[in-house]
Amino acid sequence: MSDSAIRAGRRVKRGRNAIAHVVLGGGGLLMIAPLIYQVIMSISTNAEVQSIPPTFWPSEVQWHNFADVFTVMNFGSSLRVSVLITMLRVVGQVILCSLAGYAFARMRFRGRGAILAVILSILMVPGQLFLIPQFQIVQNLGWLNTIAGIVAPGLFSAFGVFLMRQFFMGLPDELEDAARLDGANPFQIFSKIMMPLAANGLWALAIITVLWSWNDLLWPLVIASTQDAAPLSVGLANLQGEHANNYPILMAASLMAMAPILILFIAMQKKVMAGIGRSGLK
Amino acid sequence: MSNPTTELRAAPEAGPEEKPAPLRRRLVARGDGAWPWLFILPTVFGITVFYLWPIIQTFYYSFTKWGVFGGAKFIGLDNYVRLFSDSSIPQSLLNTIIYTLIVLMGIPIAVVLSALMESPGLKFAGFYRTLYFIPYITMPAAVGIVWRLVFNGDFGPINWFLSLLGIEGPYWTSTPGFALAAVATVGLWMSLGFNLIIIGAGLREIPQEIYEAAEMDGASRLRQFFSITVPLLTPSIFFVSVVTVISGFQLFDLLYVMMGKANLAMPQTQSLVYIFYNHAFLENDKGYAAAVGILILLIIAALTAVQFRVQRKWVNYV
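Listed in order, the protein sequences are those of chains A and B.
Be aware that the first sequence starts at 4, since it is given in the working numbering, and climbs by one per residue.
Be aware that the second sequence starts at 91, since it is given in the working numbering, and climbs by one per residue.
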């Protein structure tokens, strides 16, 4: 290829990428514009939020809006509930789903295919079909407005079992055989050899569970309506009902509720994206 | 979704049987005794109590009427008859369909953005990925509050922007029609990050040689996009469209937070799941709510089946 051709090729490439930058940059700005707007409004006065034309920067930064969130809603206890229900569900699902997923992928027992098929059939059923009976179970156990009540159904996951089974199916047999010859029992093989190998699958499961647990609204709305028992999603929905026009406080509360997951997931972005990508595996 | 079950029957047998190693066969034939049952017991228990039995119960409830003081009375098919005479059902079905169609528009957008993002040697690609990914991980209840302000009729930035163009913006979240468009816009905004992850992964699997060959044949970049990228992406596109339709029919959080229970435009905007929630937990009409739930199940099952049937016509599996 001649020099000029190479140069022309480079020019074309640069031209192309310029278009890519314009489109991706413009679109990206649109994507985060609402959040930038939220941040600015969360440090403005209510009068500034409601002014026309909009003020784009507050005349004086109102940091106290974030402190005020604690007086209009029980933010501390909602945060505690959100953290606890998320942690419990992640731990529960990681243990239970990997145990079951491993058994379905690697062990032989009567009825394996049939039991798995029944569990997988749940994946096609929309969540509303479980909601009324689940509510009754929690009510009968006296667990309304408790962490146990919010967490209980979410400790188990048909999706998680399927995800972990797919992972264990993809691991090589040899290590397992060697351990068996050395006299390890199935639980030792599972916990010492297979679990470490399934780290990617466990990450994917944990990430999906964190996202879903932290953000879910409908189930906790039904189960935990009191201020002290409500996780952040319900707390925000209630706050919006009670202080619909106190915009700076709403923006600050919403920002504080999202921040932990946003910071955590942006920091681990590669893992999170890989996990979400994997969860969509066939 | 039919894949896992078919593959599940074939795969476990295929592995051990094909290998000639007698040692392995002996190990497998021995079986694992009671161990597997210990492994699956907690899950089988939890899934039965919290998922399988509830499905049966909900099915039964859909034939009952609930009294004010609890207790359910069997009323046969009355709830299903009522579904047909309840005018809010077709309205909410239409709303759900419109919402889903708007969110589906995120898929072609994601294909174009993804193709640009994967341009060879593009700088800041990681940064762009982060920007588009952020809305996907936000809490619907939290961003719903933000978007309600963004769409505010009096001082929201969208109407201010429209006023610059000489357009008088509507009261988005309290006007039927506009309210649904506003909620769906947010749905699209949130789902784009997920679509990009799945489609981006699909794109990276397309062998670079195909593009190089096309380049040598003098195919333009636009031509490459339509003749290589899009056809080879159809499995990913199919997957995200199935997910989008299923989650579109689950619309609740955004609607609830952006509009609020007391919103007068709610009857013209509500989704099927909102109707379910309303009857089950606000009006304590759980029998009818159960029938609405069964209806949602049937619609999602039918739509998914149709999508799997139609996929043969347009999805290319290599």
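We treat Cβ as the ideally placed atom computed from N, Cα and C, and that holds for glycine.
Computed from a predicted model, the values in this text were never measured in an experiment.
Problem set entry | Where B/T154 falls: helix, strand or coil (DSSP) | strand
Problem set entry | Any C-beta of chain A under 7 Å from that of B/I192 | no
Exercise. Under the DSSP definition of a beta bridge, which residues are partnered with B/F164?
Worked result: Secondary-structure assignment with DSSP links B/F164 through a beta bridge to B/T154.
For this session: Pick helix, strand or coil for B/G250, following the three-state DSSP scheme.
Result: First, the residue type needs correcting, since residue 250 of chain B is Trp and not Gly in the sequence shown. In the structure shown, B/W250 sits in a helix (DSSP, three-state: H, G or I).
For this session: For B/R311, name the three-state secondary structure that DSSP assigns.
Result: Correct three-state label for B/R311: helix.
For this session: Give the DSSP-derived three-state secondary structure of A/P1 in the structure shown.
Result: The structure shown does not extend to residue 1 of chain A, since chain A is modelled only from 4 to 285, so the question has no answer here.
For this session: Assuming A/A108 and A/F190 form a contact by the criterion Cβ under 8 Å, report the distance between their Cβ atoms to the nearest whole angstrom.
Result: That belief does not hold up - the Cβ atoms of A/A108 and A/F190 are roughly 15 Å apart, past 8 Å.
Exercise. Which of the residues in the stretch 360-387 of chain B, read from start to end, lie with their CB under 7 Å from any CB of chain A?
Worked result: V363, F366, Y367, A370, F371, K376, A379, A380, G383, I386, L387
Problem set entry | is_contact[A/P56, chain B] using C-beta, thresh 7 Å | yes
Problem set entry | Boundaries of the alpha helix (DSSP H) in which A/N203 is found, first to last residue | Its alpha helix (DSSP H) spans residues 202-218.
Exercise. Mind checking whether A/Q137 and B/P144 have CB atoms under 7 Å apart?
Worked result: yes
Exercise. Taking a cut of 9 Å between CB atoms, which residues from the stretch 222-248 of chain B lie near chain E?
Worked result: The structure shown contains no chain E; its protein chains are A and B.
Exercise. If we call anything under 7 Å between Cβ atoms a contact, is B/L270 one with B/I188?
Worked result: yes
Problem set entry | Min CB distance A/I211 to chain B below 7 Å | No, A/I211 lies away from the interface with chain B (no Cβ there is under 7 Å from its Cβ).
Exercise. The stretch 333-357 of chain B: which residues have C-beta closer than 9 Å to a C-beta of chain A, in chain order?
Worked result: Those residues of the stretch 333-357 of chain B that come within reach of chain A (Cβ to Cβ, closer than 9 Å) are V333, I336, F339, Q340, F342, D343, Y346, V347, G350, K351, A352.
Exercise. If you draw a straight line from the alpha carbon of A/A161 to that of A/W215, how long is it in whole angstroms?
Worked result: 14 Å
Exercise. Got a sec, what are the start and stop residues for the alpha helix (DSSP H) B/A215 sits in?
Worked result: Segment 215-223, the alpha helix (DSSP H) holding B/A215.
Exercise. What is the DSSP secondary structure of A/M271, reduced to helix, strand or coil?
Worked result: coil
Exercise. Between B/W404 and chain A, is there a C-beta pair that is closer than 7 Å?
Worked result: no
Exercise. Assuming B/V240 and A/P37 make a contact with CB atoms under 8 Å, what is their CB distance in whole Å?
Worked result: 5 Å
Exercise. Taking buried to mean at least 16 other C-beta atoms within 10 Å of its own C-beta, is A/T229 buried or exposed?
Worked result: exposed
Exercise. Among the residues of its own chain, which have a CB less than 7 Å from the CB of B/S264, if the five just before and after it don't count?
Worked result: Closer than 7 Å at the Cβ level, and outside the excluded window around B/S264, lie N353, L354, A355.
For this session: Figure out for me which residue from A/M167, A/F193, A/G244, A/I269 has the closest Cα to the Cα of A/L178.
Result: A/F193
Exercise. What is the residue span of the alpha helix (DSSP H) that A/H67 lies within?
Worked result: 67-75
Problem set entry | Test item: CB-CB of B/V330 and B/I288 under 7 Å | yes
Exercise. How about the stretch 68-84 of chain A and the stretch 199-208 of chain A: do they share at least three Cβ pairs that are nearer than 8 Å?
Worked result: no
Exercise. My guess is that A/L239 and A/A255 are in contact by the Cβ rule of under 8 Å, so how many angstroms apart are they, rounded?
Worked result: Rounded, the Cβ-Cβ distance is 11 Å, inconsistent with contact.
Exercise. Given a limit of 9 Å on CB to CB distance, which residues of the stretch 122-153 of chain A reach chain B?
Worked result: I122, L123, S124, I125, L126, M127, V128, P129, G130, Q131, L132, F133, L134, I135, P136, Q137, F138, Q139, I140
Exercise. What does A/G31 touch in chain B if you count any residue whose Cβ is under 7 Å from its own?
Worked result: Y218, L221, Y222
Exercise. In or out: B/V158 buried (at least 16 other Cβ within 10 Å) or exposed?
Worked result: exposed
Problem set entry | Cβ of B/E108 within 7 Å of any chain A Cβ | Reliability fails at B/E108, whose pLDDT of 45 lies under 50, so the model's placement of it is uncertain and the value that follows must be treated cautiously. Residue-level contact check: B/E108 does not touch chain A, since none of the beta carbons of chain A fall below 7 Å from its beta carbon.
For this session: Going by CA-CA distance only, name the one from A/V164, A/L166, A/M197, A/M167 that's closest to A/D180.
Result: A/M197
Exercise. Buried or exposed: which applies to B/F251, given that a residue is buried once 16 or more other Cβ atoms fall within 10 Å of its Cβ?
Worked result: Burial call: exposed.
Exercise. Roughly how far, in whole angstroms, is the beta-carbon of A/A233 from the beta-carbon of A/N241, given that I think they are within contact range, below 8 Å?
Worked result: Right, the Cβ-Cβ distance comes to about 7 Å (below 8 Å), so this counts as a contact.
For this session: Give the single residue among A/V72, A/N77, A/S45 whose Cα lies nearest to the Cα of A/E63.
Result: A/S45
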